[in-house]
Each structure stands twice: as structure tokens, then as C-alpha cells.
Amino acid sequence: MPSCIYGEAEKLLVAKLNDQFINAFDACQGKNYCCPACGEHLVLKQGQSKIAHFAHQVNSGCVLREGESYEHLLGKQQIFEWARKKGWQAELEVYIPQLEQRADVLLRIGGQRIVIEFQCSPLSLTALQKRTFGYQSIGIKCYWFLGSPYKRKLNQRQAQKFVQIVNRQYTIIFWDIKAKIFRLVKLAIKEKPLSLKGVTRDYRILHRLSLLQEINPCVKKFTGGLPVICHQKIWGIQVTNHPEIYWRCLVVKRLNEIPLFTSFSLNSWLYLLKEVGLTEWVKFPCLPSSRIINDYLKVFTKQLLKSGIIMMDGQTIILIRHPSYHRSLMNQYQEIQRLIQ
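Note that the UniProt record's numbering numbers the sequence shown so that position 122 is 122, with each residue one more than the last.
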């Protein structure tokens, strides 16, 4: 029997009755319902102002004990019903012994097992990695649907760490409990137009970063006149832990240390860029390893090509010019003004 790891009351949508799984929406009072994981007695709770659910007794010792919101309970039920209407074999709140956790909704489609997790509360990166990799380790594909609290954090890492690939595009999936449908937010990695306003913002950011102990000392020397490539940003998904200008400054420093006309294969070039500020890269547990970072670095490489810093000869990349600093901010602003006209 699973041991106690939580101490708060929890809510379950599925219980066992005579070795059969029963949905709380279909259950009635007066039956001896048991927890699918620990076998303890469950209490059916129903009412006009609450979602029907099962609950353990106070101080239960079950591993499934975790508080859930109204939106989470309702959303899971809606996703379950939506999947059944699609004609898929669906199960609600399936306990997976190998992982000691329950999947919100488990689907079987064409012989493949797919889990849908509906997430409304904050989830740490470590917990997200553990759950996602756990499913992968036993051959289950996992999709994360987000609730309304994450809509207000779309441009923050709380939401962006749930980026997944849907129809070959980077996507965040939301479940709308009012409309009872999922909504896809498509994201793309693309170049951001150069602007004087953006350059000014970069220097403010660098000044703030210079006050941090963990920042590379070389960046603290950047007071103005940076190479233009430092300010040619990429936006859509934030892939660096610190603001992007910091990583670009590190890259410029590294490129200036490499002899001109040094050549690289595409893979060795991407490896070089990835190694610059290695701890800078954000982790995306729901994506194949390094995929989003490689896509970002390929766009960055195109920017270097346009700037005349590198050239390509077939599949070979050659460093032909070192990124050059400007004598002053005024000279830099004049060049940027010329480039954006």
C-alpha cells in the first residue's frame, strides 16, 4: 500500500467500486468507494455549488493526495468527455504504479498511449521534467493543456516551459472550460526589427546585469559602442536565462578570439555557439533535446551571414570578419539609423 506523502484533503474524479472504475459524475451516495491507488475508503461529495468528486479521509496516507481547484476538476472531466466524443478510448485519472502518479486523462489511439495533463497551478521545472520524462520512459506520449492562470503568463517562462510541437509548430495548448474546447497558441522563432529604442534598452539591461555577481566580468566592461549584431534580436520564445543581449555579448567576445578564415562544419558551428554561455539555455522538457536551441542558433547564424561576419561554402561556415566595436555610442547610433532607414 502506498505510504503517506501529503497531508491535505484532495479530490478525485474516479474511484473503484467492486473492482470497477466509477466516475464521480455517475456515482451515487451510500456505496463503498475505494481509492484506485491505496484502497482506502473514499467519500463522495456532491452539491449544487461544487464539482462532484471523491475525497480521502483527513490524514489519509495515499500518494495521490493533492489539492485541486474547481477549474482543474471541471477541465479534466471536460477533456475526458471531449476525447470520448472523438471516438478515442479514454480513461480518467489513471494511476500509473511505475511512476507513482495518476494521469489526468489516458488515451489509446491506434495502439499508442497518450496522456493529457491539465495544469492550472504552478509547476516547477524539475516536477515538469520528472513527469514528462517519466511518461516517455514507459512509452507514453504526453501533452500538457494549460488552464486560465497561465494565460496571464504567456510571455513568461511559467507558460513557455510547456511549449510543445503540434503539427510541426511550437505551440502552447490551453483548455477553455467555458467553451469546452482547446485553443492553440502558435509560437515562432524569428528576427526582431532593429531599433534605436531597443539599443537604448539593451544598455540599460547591461548596466543592471553588471551589478550581478554571476555575470561574466567581460560583460561589465561593455559601456557602449557594441557591434550591431549584439542588438539584432530574435523573439517569439525566450531561450536564454538572462536577457539575450548578455549571450550575444559573450558570442562576440568568443568570435573575436577565433582566427579569421577558420572553418566549421554546421554541427561544429552550432556546438561552438551552444558552448558559449552554456548555462544560459532555458530547458524545454516537452520538446526533443536541444531542438528549440538549434532553431534559435540557425536564425542567429543567418543574422551573422547578413552582417558579413561569416560566409557559407556549401555546408562549411567560415569566419571572415570579426564583429567590430564602435568608437562611441554616437557612431553606433548613426550606423543603426542608416541600417533601419
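Glycine residues also receive a C-beta, built at the ideal position from the N, C-alpha and C atoms. As the structure is a prediction and not an experimental result, all values here were calculated from the model.
Nonlocal neighbours in the same chain, by C-beta distance under 7 Å from residue i, ignoring five residues either side
{"i": "residue 280", "result": "240, 241, 242, 247"}
{"i": "residue 94", "result": "102, 103, 106"}
{"i": "residue 74", "result": "51, 177"}
Residue i classed as buried or exposed, judged by whether at least 16 other C-beta atoms fall within 10 angstroms
{"i": "residue 115", "result": "buried"}
{"i": "residue 332", "result": "buried"}
{"i": "residue 207", "result": "exposed"}
{"i": "residue 275", "result": "exposed"}
{"i": "residue 337", "result": "exposed"}
{"i": "residue 138", "result": "exposed"}
{"i": "residue 249", "result": "buried"}
{"i": "residue 35", "result": "buried"}
{"i": "residue 277", "result": "buried"}
{"i": "residue 127", "result": "exposed"}
{"i": "residue 313", "result": "exposed"}
{"i": "residue 202", "result": "buried"}
{"i": "residue 183", "result": "exposed"}
{"i": "residue 334", "result": "exposed"}
{"i": "residue 315", "result": "exposed"}
{"i": "residue 28", "result": "exposed"}
{"i": "residue 100", "result": "exposed"}
{"i": "residue 271", "result": "exposed"}
{"i": "residue 252", "result": "buried"}
{"i": "residue 131", "result": "buried"}
{"i": "residue 209", "result": "buried"}
Beta bridge counterpart(s) of residue i as assigned by DSSP
{"i": "residue 23", "result": "14"}
{"i": "residue 34", "result": "16, 41"}
{"i": "residue 88", "result": "Its beta-bridge partners do not exist; DSSP assigns none."}
{"i": "residue 281", "result": "240"}
{"i": "residue 142", "result": "115"}
{"i": "residue 183", "result": "174"}
{"i": "residue 55", "result": "43"}
{"i": "residue 318", "result": "263, 311"}
{"i": "residue 95", "result": "102"}
{"i": "residue 190", "result": "235"}
{"i": "residue 169", "result": "166"}
Per-residue DSSP class, three states only, for residue i
{"i": "residue 126", "result": "helix"}
{"i": "residue 105", "result": "strand"}
{"i": "residue 324", "result": "coil"}
{"i": "residue 268", "result": "helix"}
{"i": "residue 163", "result": "coil"}
{"i": "residue 234", "result": "strand"}
{"i": "residue 263", "result": "strand"}
{"i": "residue 100", "result": "coil"}
{"i": "residue 66", "result": "Low confidence applies to residue 66: its pLDDT is 49, below 50, so where it sits in the model is not reliable, and the reading given next is rough at best. Looking at residue 66 - three-state DSSP - the assignment turns out to be coil, as it is neither helix nor strand."}
{"i": "residue 342", "result": "Residue 342 lies beyond the stretch modelled for the chain, which goes from 1 to 341, so this question has no answer here."}
{"i": "residue 195", "result": "coil"}
{"i": "residue 395", "result": "Given a span of 1 to 341 for the chain in the structure shown, any question on residue 395 remains unanswerable."}
{"i": "residue 228", "result": "helix"}
{"i": "residue 110", "result": "coil"}
{"i": "residue 5", "result": "With a pLDDT of 28 at residue 5, under the threshold of 50, the modelled position of this residue cannot be trusted; read the value that follows with caution. Coil."}
Nearest-angstrom beta carbon gap, residue j and residue i [assumed within contact, 8 Å]
{"i": "residue 384", "j": "residue 148", "result": "Because the chain in this structure spans residues 1 to 341, residue 384 falls outside the shown range and cannot be described."}
{"i": "residue 54", "j": "residue 12", "result": "4 Å"}
{"i": "residue 189", "j": "residue 234", "result": "6 Å"}
{"i": "residue 164", "j": "residue 143", "result": "6 Å"}
{"i": "residue 145", "j": "residue 175", "result": "4 Å"}
{"i": "residue 200", "j": "residue 186", "result": "At roughly 30 Å, the Cβ-Cβ gap does not stay under 8 Å, so residue 200 and residue 186 are not in contact."}
Beta-carbon proximity list for residue i, same chain, < 8 Å, skipping 5 on both sides
{"i": "residue 325", "result": "225, 226, 227"}
{"i": "residue 309", "result": "229, 255, 319, 320, 321, 322, 323"}
{"i": "residue 83", "result": "90, 105, 107, 116"}
{"i": "residue 193", "result": "340"}
{"i": "residue 268", "result": "none"}
Close-in-space but distant-in-sequence residues of the same chain around residue i (CB under 6 Å, 5 per side omitted)
{"i": "residue 17", "result": "31, 33"}
{"i": "residue 46", "result": "52"}
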